[in-house]
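Since the structure comes first, as structure tokens, the remarks are kept for the end.
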Amino acid sequence: MAKMLYSVSMSLDGFIAGAGGDMSWLADFTGPDPTIANLIGDVGSLLVGRNTYDGDDPNKGTEGEGEAFGGGWSGQQFVLTHRIPENSPPDIHFVDDFETAVAKSKAAAGEKYVNILGADVARQCVAAGLVDEVLVFLVPVLIGDGVRLFDHPGGTSIRLERLSVSEGPESTNLWFRVVR
2 MAKMLYSVSM SLDGFIAGAG GDMSWLADFT GPDPTIANLI GDVGSLLVGR
52 NTYDGDDPNK GTEGEGEAFG GGWSGQQFVL THRIPENSPP DIHFVDDFET
102 AVAKSKAAAG EKYVNILGAD VARQCVAAGL VDEVLVFLVP VLIGDGVRLF
152 DHPGGTSIRL ERLSVSEGPE STNLWFRVVR
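For the sequence shown, my numbering assigns the number 2 to the initial residue and increments by one for each residue that follows.
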């Protein structure tokens, strides 16, 4: 059965996107990373928020622009949205119901990970008790404003157990299991 993984690059001050969804801050840090290279083969599908799907691309102007993991991964993507377009690219499925999007992404992933992309979708998955693991690529930059890794008004406590810490060429990679 598929595991749900929230993987994300994050600035040292806790932001995964800059103000207005700006991802240009990440462009200088998108070089090869063994953790990402190993992860790509373990991802069976993506569960993506619409803001992330439509958002700014840190690979803008490169061969990997518009592609998951900068073009290093291909497969079924499930975009959770209230705005379903009439047409969609192959392997991109727009779904307007959270439970359906999760079920379809898990079925498509098989025994691999469903990789969650987008803060709001990740928050919904955490609230539903669905996230199994969290992988944060901690990037040595301060951006000061934007979209936080995890935002829960009023606060909450989600206990995590460290699985590994590794050094990439541009980040410190922190992998956790969600304690249930």
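Glycine included, every Cβ here is placed at the ideal spot set by N, Cα and C.
Report yes if the C-beta distance between residue i and residue j is below 7 angstroms; otherwise report no.
i	j	result
arginine 124	threonine 82	no
tryptophan 176	leucine 161	no
isoleucine 144	tryptophan 26	yes
valine 140	serine 172	yes
phenylalanine 70	valine 80	no
Would you kindly work out how many angstroms separate the C-alpha atoms of residue i and residue j, rounded to a whole number?
i	j	result
proline 154	aspartate 55	25 angstroms
glycine 130	valine 179	9 angstroms
serine 8	arginine 84	24 angstroms
valine 133	leucine 47	A small correction: the amino acid at residue 133 is aspartate; valine does not occupy that position in the sequence shown. The straight-line gap from Cα to Cα measures roughly 15 angstroms.
glycine 169	proline 35	7 angstroms
glutamate 100	alanine 20	29 angstroms
phenylalanine 30	valine 142	10 angstroms
glutamate 112	glycine 76	14 angstroms
tryptophan 74	alanine 28	18 angstroms
alanine 59	proline 33	The question names alanine, but residue 59 is proline in the sequence shown. Spanning the two alpha carbons is a distance of roughly 14 angstroms.
aspartate 97	arginine 181	28 angstroms
serine 89	aspartate 152	30 angstroms
Cβ of residue i versus every heavy atom of the ligand COA: is any distance shorter than 6 angstroms?
i	result
arginine 181	In terms of ligand content, the structure shown is empty, and the ligand COA therefore cannot be addressed.
Report all residues from its chain with a CB closer than 6 angstroms to the CB of residue i; omit the five preceding and five following residues, and keep chain order.
i	result
threonine 53	Leu118 and Gly119
lysine 107	Ala3 and Val115
aspartate 146	Ala20
threonine 63	none
lysine 61	none
alanine 109	Ser46 and Gln77
Only counting the same chain, and skipping five residues up and downstream in sequence, which positions put a Cβ closer than 8 angstroms to that of residue i?
i	result
cysteine 126	Met5, Tyr7, Leu48, Val103, Ile117 and Val132
methionine 11	Ile17, Val137, Phe138, Leu139, Val140 and Leu150
aspartate 121	Gly50 and Asn52
If residue i sits next to residue j, beta carbons under 8 angstroms apart, how far is it from one beta carbon to the other, in whole angstroms?
i	j	result
tyrosine 114	glycine 42	Incorrect: roughly 10 angstroms between the Cβ atoms, too far for contact.
aspartate 57	aspartate 14	Wrong, their Cβ atoms sit about 18 angstroms apart, outside the cutoff.
Going by DSSP in three states, residue i sits in which element: helix, strand or coil?
i	result
serine 106	helix
isoleucine 85	coil
glutamate 100	helix
glycine 50	strand
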